[in-house]
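Data block below; observations after.
Chains as they are written, first to last, in our numbering: chain H, 1 to 404; chain B, 405 to 728.
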């Protein structure tokens, strides 16, 4: 058996989505901007996809949903264009975000800081979320934008977007949320919460890679990131990626219809896995209250087992998981989210993220429970943290010097 | 960046078979107890390096025969990634049968070489090289404990880049000899900074005592000073062209005071040196006439020629005098 538990990284494309896309490669391939029938042939399907998108997040008719190449583009677009519109060509100078945003937000903010923009990185509490009242004290008259993710990719923790939206509305500040980990996993209703911009990515909800979107409330002005042939009303140029737009529409429809039932099914499997791991293993900890987490995510820390070592053993057991910790990433850093939460440095090197999908089965969960324990046992047997014979006097390790 | 870097490498696929095999099945993982060691009349040494909070921790066990300082049994425990476990295992293997004095000469490079499948292909990708550095550190620590000396006494030079084991002395020499100006050049010449990159500048994976950026800046500053000193020496020996700007101004002023100014003053005029510019073909001396010289017909012909000829004769044939 092989089990894919890295659905916060990307998901399998639903075969029904592939099926919806297929005709738009070699059968209906015209450029939708062309006047002839080859071009217009795709219009009904694109319109359907647009409707599916609007319905998926309950957007209003005065709102825009612009297709982009990915959520990284959507995030870059909002941050860079708010900078151009409100800071370079306006009287603002400040952006507020959080310590644990996706790199497409954090790296863009670092870039903007190099351009002279002031950026505030809000801290998170021990649950890994930003408390709405923290935001209030950091908004100034010069604040152009607040950007806070809806749910975190590492922990699955859900942020108080409704409260944050109200504060931004009250203070007259634009609010952007990176909704990548929320859309398709939990109910997202942009008429229930106040967000001016929301980024989305199809491949996180069983759609194809290479297509994302940006929701824009009331068609708020925002200088385009990509200039060109005035596609999508001039908001985002580039020939419409027809099959992928259709795929994204189909995917959001499948992910959001009866979402409560889907969530309940995924949550039951997730909780069973989480309970089993907590019961069978000593010295383990799961980050964040599960009631306030996306129903598919577990970030578990296993004392004495370094994250990449654990991934290696899981991979040998044909289980795909992930870690943001130490050796696994090219940057060799500890899990930044865990450090931000205030977890011990030890824990930051032992985090393993398991993320399920609606395709995860009960048999797969059983298999993971069994193999996970084996991997922990083997690695703890090798681990110095679980050694019995202690160092010769004077042979203890000094201060850890591998820190930032 | 180039074609081969477009798709970031698959870290695990770059491990040698030996690394993979030892990670899956380490040969020397385990512990040695005091009872086991003393029963055989041996001395047990247990040394730790790193910590869980660092992301890497290793504990090395040596059972040493005090009669000949030979490591007769060795085990390890490791909290770390695959390469950390594999390199700890290989380090333990390399210690076996050696005397403590021999073992302390084992470096992380030896461990990495021993993990290679073929001599020309690295056992691990560059960013994983640091995982074997701990193996070297923990051996020194164990040897220090056994011999009752400070672990740092085994290191006769300061190692700046532990991954590539490049010393401060080597770096300083290479920078000077090859007139290196960037850290990238240093990495090209020495491999220092090419692996975990901690030693390049503060803020990397690991805090270091010395950083390449600082060493480069220091050595460049020294080189500049040396150049200046050489120029000063040259100046004091009368080599005008090698002089620094200030020396040149002083020299010119000296000549002007000695053999030119008096004649100008006699006619109710004077001059001052404004600037000096060096080019490959000329040393341009900009002057300004004062008093009666200002507007005098001779100031752009005979007088100017006389000033230039004097400076040329006394200082350098490259001098051109330009009134402003």
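No residue lacks a Cβ here, since even glycine has one placed at the ideal position from N, Cα and C.
Residues of chain H with a CB under 8 Å from the CB of residue 452/B: which are they?
For the purposes of this step, residue 452/B is taken as the residue at position 48 of the second chain. Correct list: 384, 391, 395, 396 and 397.
When burial is assigned at 16 or more other CB atoms within 10 Å of the CB, is residue 3/H buried or exposed?
Numbered from its first residue, the first chain carries residue 3/H at position 3. Classification of residue 3/H: buried, given that the 10 Å Cβ count is 16 or more.
Go ahead and pull the three-state DSSP assignment for residue 1/H.
Stepping through the first chain from its first residue, residue 1/H is reached at position 1. Residue 1/H: coil per DSSP, three-state reduction.
Excluding the five sequence neighbours on either side, which residues of its own chain have a C-beta within less than 7 Å of the C-beta of residue 59/H, listed in chain order?
Position 59 of the first chain, counting from 1, holds the residue named residue 59/H. Contacts found: 65, 190 and 215.
Excluding the five sequence neighbours on either side, which residues of its own chain have a C-beta within less than 8 Å of the C-beta of residue 657/B, listed in chain order?
Within the second chain, the letter at position 253 stands for residue 657/B. Excluding sequence neighbours, residue 657/B sits near 677.
Are residue 566/B and residue 528/B touching if we call contact CB-CB under 8 Å?
What you label residue 566/B is simply residue 162 of the second chain in a count that begins at 1. What you label residue 528/B is simply residue 124 of the second chain in a count that begins at 1. Not closer than 8 Å, so no.
For residue 573/B, which three-state DSSP category applies?
Within the second chain, the letter at position 169 stands for residue 573/B. Residue state, collapsed to three classes: helix.
Can a CB atom of chain H be found closer than 8 Å to the CB of residue 406/B?
What you label residue 406/B is simply residue 2 of the second chain in a count that begins at 1. False, the Cβ-Cβ gap to chain H never drops below 8 Å.
From the DSSP output, read off the bridge partner residues of residue 284/H.
The residue you call residue 284/H lines up with position 284 of the first chain. Paired residues: 302/H.
Pair within 8 Å by beta-carbon distance, residue 719/B and residue 644/B
Mapped onto the second chain, residue 719/B falls at position 315. Mapped onto the second chain, residue 644/B falls at position 240. The answer is yes: Cβ separation under 8 Å.
Partners in chain A for residue 437/B, counting only beta-carbon separations shorter than 7 Å:
Note that chain A does not occur in the displayed structure, where the protein chains are H and B.
When you compare the CB positions of residue 147/H and residue 105/H, do they come within less than 8 Å of one another, or not?
Within the first chain, numbered from 1, the residue matching residue 147/H stands at position 147. Within the first chain, numbered from 1, the residue matching residue 105/H stands at position 105. Contact annotation: residue 147/H and residue 105/H have beta-carbon atoms nearer than 8 Å.
Who are the near neighbours of residue 623/B in its chain, counting only those whose CB is closer than 7 Å to its CB and skipping five residues on each side?
Position 219 of the second chain, counted from the first residue, corresponds to residue 623/B. For residue 623/B, where only same-chain residues beyond five positions count, the Cβ hits under 7 Å are 576, 579 and 580.
According to DSSP, is residue 293/H part of a helix, a strand, or is it coil?
Position 293 of the first chain, counting from 1, holds the residue named residue 293/H. DSSP places residue 293/H in strand when its eight states are reduced to three.
Could you name each continuous beta strand (DSSP E) segment of 3 residues or more that falls completely within the segment 622 to 702 of chain B, going from the start of the chain to the end?
673 to 682 and 687 to 695
Residues near residue 38/H by beta carbon distance below 6 Å, same chain, minus five either side:
The residue labelled residue 38/H in the question sits at position 38 within the first chain. Closer than 6 Å at Cβ, skipping near neighbours: 30.
Nearest chain B C-beta to residue 330/H closer than 8 Å, yes or no?
Within the first chain, numbered from 1, the residue matching residue 330/H stands at position 330. For residue 330/H, the predicted model reports a pLDDT of 47, less than 50, meaning its position is unreliable and no value from the coordinates is stated.
Residues in the segment 459 to 476 of chain B with C-beta within 8 Å of chain H's C-beta atoms, listed in sequence order?
Taking 8 Å as the Cβ-Cβ cut-off against chain H, the residues of the segment 459 to 476 of chain B that qualify are 459, 460, 461, 462, 463 and 465.
Quick one: does residue 710/B have its CB under 8 Å from some CB of chain H?
In the second chain, residue 710/B corresponds to position 306, counting from 1. Chain H, which has no Cβ nearer than 8 Å to the Cβ of residue 710/B, makes this no.
Determine the DSSP secondary structure at residue 467/B, reduced to helix, strand or coil.
Translated into the one-based positions of the second chain, residue 467/B becomes position 63. Residue 467/B: strand per DSSP, three-state reduction.
Quick check: the segment 357 to 371 of chain H against the segment 260 to 270 of chain H, are there 3 or more CB pairs under 8 Å?
With a cut-off of 8 Å, the segment 260 to 270 of chain H and the segment 357 to 371 of chain H count as touching, because enough Cβ pairs lie within range.
Look up residue 175/H in the DSSP assignment and say whether it is helix, strand or coil.
Counting from 1 along the first chain, the entry for residue 175/H is found at position 175. Residue state, collapsed to three classes: strand.
Just how far apart, CA to CA, sit residue 412/B and residue 209/H?
Along the second chain, one-based indexing puts residue 412/B at 8. Along the first chain, one-based indexing puts residue 209/H at 209. Whole-angstrom Cα-Cα distance: 18 Å.
Residue 379/H classed as buried or exposed, judged by whether at least 16 other C-beta atoms fall within 10 angstroms:
The residue labelled residue 379/H in the question sits at position 379 within the first chain. Buried is the call here.
Per DSSP, cross-strand counterpart(s) of residue 96/H:
For the purposes of this step, residue 96/H is taken as the residue at position 96 of the first chain. Paired residue(s): 120/H and 146/H.
Check for me: the alpha helix (DSSP H) holding residue 15/H runs from which residue to which?
Looking up residue 15/H in the first chain gives position 15. Under the DSSP assignment, residue 15/H falls in the alpha helix (DSSP H) whose first and last residues are 15 to 21.
Selected residue, minimal CA-CA separation from residue 374/H, among 393/H, 390/H, 245/H and 315/H:
Your numbering for residue 374/H matches position 374 in the first chain. Considering only alpha carbons, the answer is 315/H.
Nearest-angstrom Cα distance between residue 713/B and residue 582/B?
Residue numbering aside, residue 713/B sits at position 309 when the second chain is read from its first letter. Residue numbering aside, residue 582/B sits at position 178 when the second chain is read from its first letter. Taken atom to atom, the span from the alpha-carbon of residue 713/B to that of residue 582/B is near 41 Å.
Would residue 411/H count as contacting chain B if we go by Cβ distances under 8 Å?
Summary: the structure shown does not reach residue 411/H, with chain H confined to residues 1 through 404, and so no result is reported for it.
By alpha-carbon positions, which one of 120/H, 260/H, 207/H and 11/H ends up nearest to residue 17/H?
Translated into positions along the first chain, residue 17/H becomes position 17. Ranking 120/H, 260/H, 207/H and 11/H by CA distance to the CA of residue 17/H puts 207/H first.
Contact criterion: CB-CB distance below 8 Å. Does residue 566/B meet it with respect to chain H?
As a first step, residue 566/B is located in the second chain; it is residue number 162 there, counting from the start. Not closer than 8 Å to any Cβ of chain H, the Cβ of residue 566/B fails to qualify, so no.
Where does residue 414/B sit, in a helix, a strand or coil, going by DSSP?
Stepping through the second chain from its first residue, residue 414/B is reached at position 10. When secondary structure is reduced to three states using DSSP, residue 414/B falls in the coil class, being assigned neither helix nor strand.
Which same chain residues end up closer than 6 Å to residue 463/B when comparing Cβ atoms and leaving out the 5 residues on each side of it in sequence?
For the purposes of this step, residue 463/B is identified with residue 59 of the second chain, where counting begins at 1. Excluding positions up to five away in sequence, the list reads 452 and 481.
Residue of 101/H, 142/H, 125/H and 99/H minimising C-alpha distance to residue 117/H
Position 117 of the first chain, counted from the start, is the residue given in the question as residue 117/H. If we check each option's Cα against that of residue 117/H, 142/H comes out closest.
Just list the residues that DSSP pairs residue 68/H with in beta bridges.
Mapped onto the first chain, residue 68/H falls at position 68. For residue 68/H, which the question treats as bridged, DSSP gives the partners 212/H.
Is residue 307/H helix, strand or coil by DSSP?
Locating residue 307/H in the first chain gives position 307, counting from the first residue. Secondary structure of residue 307/H (DSSP, three-state): helix.
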